[in-house]
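A quick write-up on the structure given underneath.
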Amino acid sequence: MSAVIQSPVPDLGAPPTEAFLRFENVSKVYPTAKGPYTVLDGIDMAVNQGEFMCVIGHSGCGKSTLLNMVSGFATPSEGQVVLHGNTITRPGPDRMVVFQGYALLPWFTAYENVYLAIDSAKPHLPEREKKEIAREHLAMVGLTEAAEKKILQLSGGMKQRVAIARALAIRPEVLILDEPFGALDAITKEELQEELLTIWNTQKCTVLMITHDIDEALFLADRLVMMTNGPAAKIGEIMEISFPRPRNREEIMEDPLYYDLRNRALDFLYSRFAHDDTE
Amino acid sequence: MVPTSPRRPGATPSPLGWLTRSSGSWLPPLLGIGGFLLLWQILSITKMIALPAPTSLFTEERTRNLILYPFYDRGGLDKGLFWQTMASLGRVAQGYTLAALVGIAVGITIGLKPTINRAFDPLFQFLRMVAPLAWVPIALVLFQKNQPAAIFVIFITAIWPILINTAEGVRQIPQDYRNVALVLQMSNRRFFTKVLIPSALPYIFTGLRISIGLAWLAIIAAEIVMPGTLGIGFFIWDAYQQNYVGEIVLGVIWIGAIGLVLDRLMAWLQTRISPGQ
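Going line by line, the protein sequences match chains W and V. Residues 1 to 279 in our numbering are what the first sequence lists, from first letter to last. Residues 1001 to 1277 in our numbering are what the second sequence lists, from first letter to last.
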């Protein structure tokens, strides 16, 4: 199967069923001293259930704002974001976030952080089950040994693993990651990308992830959303990444399609929508 | 110039050797305190100041007995320094505990609710500037009795650092932690015990440590103007009235020592309890 490059019209690959998550003509305007500032303008997009979507674009293009409207930390000025037919108005555990700075509680251990999330989001589960889920998810990210360590004793990569374990342990329908691997070294980053894919394969939740790294997006995503520059950013292009799963990094990098997609993304980011620093 | 070490390389690890090597840490304070006491002694002997010399604390019978027998009890106010101190510390404990409870509770409330903070902050800023001694007459009018008045003076002096630091600690809870609580839809009670208190605890302890010193300062102020109370503050005032200058000096040294111990105690507690440090 070959890749289909989709120009602004999104949603060609949607299944016959009603889309799972929809952005319906979403705009976000912030009032400022100099007058209203439009961050996002007229976003229309549909995301299928179980899909892995990456969002890429230059800084200031409103990627975070876009995802914050799914998590519920921001609300659209116009239009709406609809999940399962319900308009999103506030944060909730069905749309769990892996925060940029991990946001783990340093006075607790790795295990306690994961357990607290399960206990808060699903208080009615029996305690034995909650403990089991916490242990199981720490094992998935390879932290069984370090489970009883305090957060401050963990390295950056381990903290990110705890954050991912915590997010997935409450079984969200949508997992939102805001540049989760940006601060990590190259080797840890690749390890974590593979772990994330493995877990995602078992849970099949919908993933929305912001990244700055085209290779990361090509390895992980089903579709890549490329944003135009702000202010008033729009979706420039949605690129389908059709490598078969489970994916193997070496194999996809040998595929000529990989370089077609990569060049297309590079062309979009650095020629057609090159960042103008004088702005 | 090449800096040279005064120590011989390869010195044997003997107690004397250790004493010499660590002299940098104990020698300056020893010289400082020793010099101060010596100057005081000379000024007293030459009659340049009216205070008795430090050595007179041991040579004079009244003060020597107070130093040697801190536990004596001849009834009424005629008791050893230990009992005087315990009476003062008892009042401090009551006023301070009350200040901690009210200060932390109100601090959390105004830390969480900016509107309440704006309503009361000017009042708090004003009240905390009122000196402990100025509260004494107000306390006496309010309570009519020495004991509750003294406790009130301690309470009102000690509460402000606790209140203001707690509120600041609550305001400083990182937005990330609040967002985690929001996305997990944490109950208020869980947010309070698992996020708010642990996050604000270092600030709360800073307030508690500042306040223990203030509470101890306040008890002296309170007792001095409350005649007929057992306590180290009135002990000093009584000694002044009867012109026992040596006893005043001894009382002041005693107060300083107790204050220092209280402060060290809170500092130790802070390192033990503060999490995530």
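C-beta atoms are modelled at their ideal positions from N, C-alpha and C, and glycine is treated no differently.
Inset, instruction - Mind checking which residues open and close the beta strand (DSSP E) that includes THR32(W)? - result: Unbroken beta strand (DSSP E) run through THR32(W): 21-32.
Legend entry - Test: MET69(W) CB closer than 8 Å to a CB of chain V: Taking Cβ atoms only, chain V never reaches closer than 8 Å to MET69(W), which makes this a no.
Inset, instruction - Closer than 7 Å by C-beta to ALA1139(V): which residues in its own chain qualify, once you throw out the five before and the five after it? Chain order, please. - result: Same-chain partners within the cutoff: ALA1149, PHE1152 and VAL1153.
Inset, instruction - To the nearest angstrom, report how far apart ARG90(W) and THR1097(V) are at their CA atoms. - result: C-alpha separation (whole angstroms): 41 Å.
Legend entry - Sheet register partners of CYS54(W) (DSSP bridge): According to DSSP, which records beta bridges pairwise, CYS54(W) is partnered with MET209(W) and LEU224(W).
Legend entry - Neighbourhood of ARG166(W) by C-beta, 6 Å cutoff - its chain only, sequence neighbours within 5 removed: A distance below 6 Å between beta-carbons, with the five flanking residues on each side excluded, links ARG166(W) to the following residues of its chain, in chain order: ASN113, VAL114 and ALA117.
Legend entry - Proximity test, Cβ basis, 8 Å: PHE99(W) and chain V: So, interface residue.
Inset, instruction - Check whether the region 1086-1103 of chain V touches the region 1209-1218 of chain V, counting contact only when three or more Cβ pairs, one atom from each stretch, lie closer than 8 Å. - result: Here the region 1086-1103 of chain V makes contact with the region 1209-1218 of chain V; the two share three or more CB pairs at distances below 8 Å.
Legend entry - Members of the region 1173-1197 of chain V near chain W, C-beta cut-off 7 Å: Residues passing the 7 Å Cβ filter: ASP1176, TYR1177, ASN1179, VAL1180, LEU1182, VAL1183, LEU1184, GLN1185, MET1186, ARG1190, LYS1194 and VAL1195.
Legend entry - Reduced DSSP category for ALA233(W) - H, G, I as helix; E, B as strand; rest coil: Three-state DSSP puts ALA233(W) in a strand.
Inset, instruction - Count the other CB atoms, across all protein chains shown, that sit within 10 Å of the CB of LEU1201(V); report buried if there are 16 or more and exposed otherwise. - result: Counting C-beta atoms within 10 angstroms of its own C-beta, LEU1201(V) has 16 or more neighbours from the protein chains shown and is therefore classed as buried.
Legend entry - Residues bridged to THR294(W) (per DSSP): No answer is possible for residue 294(W): the residues shown for chain W start at 1 and end at 279.
Inset, instruction - Taking all protein chains shown into account, decide if TYR270(W) is buried (16 or more other Cβ within 10 angstroms of its Cβ) or exposed. - result: Label assigned to TYR270(W): exposed.
Inset, instruction - Give me the Cα-Cα distance between VAL1170(V) and LEU1127(V), rounded to the nearest whole angstrom. - result: Note on geometry: alpha-carbon atoms of VAL1170(V) and LEU1127(V) lie some 22 Å from one another.
Inset, instruction - Would you check if there are 3 or more beta carbon pairs closer than 8 Å linking the region 1232-1246 of chain V to the region 1172-1192 of chain V? - result: Result no; under three Cβ-Cβ pairs closer than 8 Å.
Inset, instruction - Check whether the region 1213-1229 of chain V touches the region 1127-1137 of chain V, taking contact to mean three or more Cβ pairs, one atom from each stretch, closer than 8 Å. - result: With contact defined as three or more Cβ pairs closer than 8 Å, the region 1213-1229 of chain V and the region 1127-1137 of chain V are in contact.
Legend entry - Top-ranked residue by Cα proximity to ALA1100(V), from LYS1145(V), GLY1207(V) and ARG1178(V): For ALA1100(V), the closest of LYS1145(V), GLY1207(V) and ARG1178(V) by C-alpha to C-alpha distance is GLY1207(V).
Inset, instruction - Compare the C-beta of PHE20(W) against all C-beta atoms of chain V and say whether one is closer than 8 Å. - result: Nearest CB-CB separation between PHE20(W) and chain V: not below the 8 Å threshold.
Inset, instruction - Grab the span of the beta strand (DSSP E) containing THR284(W) for me, first residue to last. - result: Look at the range of chain W in this structure, 1 to 279, and you will see that residue 284(W) is not part of it.
Legend entry - Contact with chain V by SER120(W), beta-carbon distance below 8 Å: At least one chain V Cβ lies under 8 Å of SER120(W).
Legend entry - beta strand (DSSP E) segment containing GLU78(W), residue limits: Segment 78-83, the beta strand (DSSP E) holding GLU78(W).
Inset, instruction - Name, in chain order, the residues that DSSP records as bridge partners for ASN86(W). - result: Under DSSP, ASN86(W) takes part in a beta bridge, and its partners are LEU83(W).
Legend entry - Cutoff 8 Å: GLY156(W) Cβ touching any chain V Cβ: No - not a single Cβ of chain V is within 8 Å of the one on GLY156(W).
Legend entry - Contact set for ASP1073(V): own chain, Cβ-Cβ below 7 Å, skip 5 residues either direction: Contacts found: LYS1079, GLY1080 and TRP1083.
Legend entry - Cα-Cα separation between PHE1205(V) and HIS84(W), rounded to whole angstroms: If you draw a straight line from the Cα of PHE1205(V) to the Cα of HIS84(W), it is about 47 Å long.
Inset, instruction - Report the rounded CA-to-CA distance for ALA217(W) versus ILE238(W), giving the unit in angstroms. - result: Cα to Cα, the separation comes out at about 12 Å.
Legend entry - 8 Å Cβ cutoff, MET227(W) in contact with chain V: By this cut-off, MET227(W) is not an interface position.
Inset, instruction - In angstroms with no decimal places, state the Cα-to-Cα distance between ARG1021(V) and LYS150(W). - result: ARG1021(V) and LYS150(W): Cα-Cα distance of roughly 38 Å.
Legend entry - Residues of its chain near ALA1267(V), where Cβ-Cβ distance is below 8 Å and the 5 sequence neighbours each way are ignored: Taken in chain order, the residues that qualify are ARG1209.
Legend entry - Sequence-distant residues of the same chain with beta carbon closer than 6 Å to ALA1158(V), five excluded per side: Take ALA1158(V), set aside five residues on each side of it, and the residues of its chain with a beta-carbon closer than 6 Å to its own are TYR1096, ALA1099, SER1211, LEU1214 and ALA1215, in chain order.
Legend entry - Closer than 7 Å at the beta carbon, the chain V residues around GLY142(W): Counting only Cβ-Cβ distances below 7 Å, GLY142(W) has no contacts in chain V at all, with the closest Cβ about 23 Å away.
Legend entry - Closer than 8 Å to chain V by CB, ARG264(W): No, ARG264(W) lies away from the interface with chain V (no Cβ there is under 8 Å from its Cβ).
Legend entry - Beta-ladder partner(s) of ALA46(W), from DSSP: DSSP lists ARG22(W) as partners of ALA46(W).
Inset, instruction - Look at the alpha carbon of LYS234(W) and the alpha carbon of LEU40(W), and state the distance between them as a whole number of angstroms. - result: Cα to Cα, the separation comes out at about 6 Å.
Legend entry - Inside the region 120-157 of chain W only - alpha helix (DSSP H) runs reaching at least 4 residues: Here the runs fully enclosed are 127-140.
Inset, instruction - Hey, could you find the ends of the alpha helix (DSSP H) ARG95(W) is sitting in? - result: Looking at the DSSP string, ARG95(W) is not in any alpha helix (DSSP H); the run it does join, the beta strand (DSSP E), is 95-98.
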